[in-house]
Amino acid sequence: MRRKEFEFDTRELKGNIGDYEPVRLVIAKPGEDLKRWRAYINQYHILKDKQVFGSRLQYFVKSGDAELGCMQFSAAAWALEERDKWIGWTKEDKKVRLHLIINNSRFLIFPWVHIKNLASKALSLATKQIQEDFLREYCYAPVLLETFVDTEKYQGISYKASNWIYLGKTKGSGRTGKEGTLSKKAIFVYPLQADFKECLKGEKPYKVVAPQ
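Sequential numbering of the sequence shown, starting at -7, is according to the working numbering.
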């Protein structure tokens, strides 16, 4: 029998968020960190770990040395009618600046972790640090977050509690636009700065730094 590469500490953690502060997000670095992150996702997330393209960051949700969950932010969906109407950009705008939107494509609080308000705390931390993290890793700062919630299985409570904006439902088309191939999902977005629409439409510059 093949031995598991990682043994997880699955002892129950419960209580209020204040009992575990400071909670923080820590980037899963290439190597053992990222292997462990992927092992957690493959073991405990319904969507497993799938190949993503373009810029992406994976995080551990941590309290002290304890790992409480995982998050991933990666490339935004191309075909998303409700989002595109809400932004009011053109197809050409989207071609040039879609990278300024990033998708919270994985979010997992481990099943043995029962800490009140942990999910909304993790989302709050992400919205505060994701721009600087992307600026450091990829030399540009995104201006908008998006995510999809399968409402047949989940209610999106943590996103609602964290003031993400509900835009409507997807058309079940997947990332590229072929309608009806997937279940319809709720679309939530979170602006990272007040002038995000102007940045996405090319009316204002976005933050960039020169590569080191």
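Each residue gets a CB set at the ideal place from its N, CA and C atoms; glycine is no exception.
| Check | Outcome |
| --- | --- |
| Taking the alpha carbon of residue 203 as the reference point, which residue from 182, 131, 119 has its own alpha carbon closest? | 131 |
| Mind checking who residue 138 pairs with in its DSSP beta bridge? | 95, 181 |
| Rounded to the nearest angstrom, what separates residue 70 and residue 54 at their Cα positions? | 32 Å |
| Hey, residue 163 and residue 73: beta-carbon distance below 8 Å or not? | yes |
| Can you round the beta-carbon distance between residue 115 and residue 154 to whole angstroms, since I take them to be within the 8 Å contact cut? | 4 Å |
| Please classify residue 110: is it buried, with 16 or more other beta-carbons within 10 angstroms of its beta-carbon, or exposed? | buried |
| Here's the rule: buried if 16 or more other CB atoms are within 10 angstroms of the residue's CB, otherwise exposed. What is residue -7? | Because the pLDDT at residue -7 is just 37, under 50, the model does not fix this residue reliably, and the value given afterwards should be weighed accordingly. With fewer than 16 Cβ atoms within 10 Å of its Cβ, residue -7 is classed as exposed. |
| Where does residue 175 fall in DSSP's three states? | coil |
| What separation, rounded to the nearest whole angstrom, lies between the Cα atoms of residue 49 and residue 66? | 7 Å |
| Alpha carbon to alpha carbon, what distance is there between residue 180 and residue 64? | 16 Å |
| Going by other Cβ atoms of all chains shown within 10 Å of its Cβ, with 16 needed for buried, is residue 61 buried or exposed? | buried |
| With a threshold of 6 Å on Cβ separation, who are the neighbours of residue 2 within its own chain once the five nearest residues in sequence on each side are excluded? | 104 |
| Could you give the C-beta distance for residue 182 and residue 119, rounded to a whole number, given that I count them as a contact under 8 Å? | 6 Å |
| Tell me the DSSP secondary structure of residue 0 in three-state form. | coil |
| From residue -5 to residue 101, what distance separates their C-alpha atoms? | Residue placement at residue -5 is poorly supported in this model, since its pLDDT is 47, which falls under 50; the coordinates still yield a value, given next. Rounded to whole angstroms, residue -5 to residue 101 spans 25 Å at the Cα level. |
| When you compare the CB positions of residue 79 and residue 189, do they come within less than 8 Å of one another, or not? | yes |
| Suppose contacts are defined by Cβ-Cβ distances below 8 Å. Is residue 106 in contact with residue 6 by that definition? | yes |
| With a threshold of 7 Å on Cβ separation, who are the neighbours of residue 200 within its own chain once the five nearest residues in sequence on each side are excluded? | 131, 132 |
| Near residue 25, which residues of its chain fall below 7 Å by C-beta distance, leaving aside the five closest residues on each side in sequence? | none |
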